[in-house]
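Undergrad: Let me begin by handing over the structure; questions about it come next.
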Amino acid sequence: MQIRNMTQEDLPSANALCMEAFMLAVAPSLSVQGVDTFVKVAAQKAFAERLVGDNLMLVCVAEGTLVGLIELKEGRHVAMLFVAPAWQRKGVGKHLVNAALEQARANVVTVSASLSSVAAYERYGFVLAGEVGERGGLIYQPMEKLLTI
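Using our numbering, read the sequence shown as starting at 59 and increasing by one per residue.
So, in structure tokens, the structure goes:
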């Protein structure tokens, strides 16, 4: 299992992985608007634009395949974390979170977790930080993790 920076060549696989995991775990609980919002955020073009911005984007490669990715926005907010369904609960998410947190630039890292991912973020040491919200049809639970820098 290797964690490395995302490259332009990873964009098709990153999009496919996000869509597969999202449609399976998150989409069934959302409105059409929420699914449409996510499709736009996970599009290859959107990833490419964020790849050149102030976002840390890491991928996990195992057995020659992209099996997970994480995006840390502005060094302080987990904007995306997805693991291929076949690779979930095998340490991929934990490795990605730890690698991203090592490069965090704030004492507190936040995430707007999909409701289906709250338990996973709790395992990574995040705690609830407010009421469930909605933006663009996406329903989320604010969470945060205090880092000892």
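Glycine included, each C-beta is placed from N, C-alpha and C at the ideal position.
Bear in mind the structure is a predicted one, so any value in this text is a computation, not a measurement.
#1: Using C-beta distances below 7 Å, list every residue in its chain close to Lys-131, excluding the 5 sequence neighbours before and after it, in chain order.
#2: Are the CB atoms of Gln-102 and Leu-69 nearer to each other than 7 Å?
#3: Which runs of the beta strand (DSSP E) at least 3 residues long sit entirely within the stretch 104-152? Give them in chain order.
#4: What did DSSP end up calling Asn-165 once you bin it into helix, strand or coil?
#5: Have a look at Ala-79, Glu-189, Glu-202, Ala-83 and flag the residue whose alpha-carbon is nearest the alpha-carbon of Val-167.
#6: With respect to the beta strand (DSSP E) encompassing Leu-204, which residues constitute its N-terminal and C-terminal limits?
#7: Return the first residue and the last residue of the alpha helix (DSSP H) that Glu-180 is part of.
#8: Taking the alpha carbon of Glu-107 as the point to measure from, which residue in Ala-85, Met-64, Ala-144 has its own alpha carbon closest?
#9: Would you tell me roughly how many angstroms separate the C-alpha atoms of Val-119 and Val-125, rounded to the nearest one?
#10: Start and end of the alpha helix (DSSP H) containing Gly-92?
#11: Tell me which residues share the same chain as His-135 and place their Cβ nearer than 6 Å to its Cβ, disregarding the 5 neighbours each side in the sequence.
#12: Please state whether DSSP places Val-185 in a helix, a strand or coil.
#13: Per DSSP, Asn-63 forms a beta bridge with which residues?
#14: Quick check on Gly-151: buried or exposed, where buried means 16 or more other Cβ atoms within 10 Å of its Cβ?
#15: Please state whether the Cβ-Cβ distance between Ala-171 and Gln-146 is less than 7 Å.
TA: Put simply:
#1: Asn-113, Ala-137
#2: yes
#3: 113-120, 123-131, 135-141
#4: coil
#5: Glu-202
#6: 196-204
#7: 176-181
#8: Met-64
#9: 6 Å
#10: 90-99
#11: Thr-168
#12: strand
#13: Leu-116
#14: buried
#15: no
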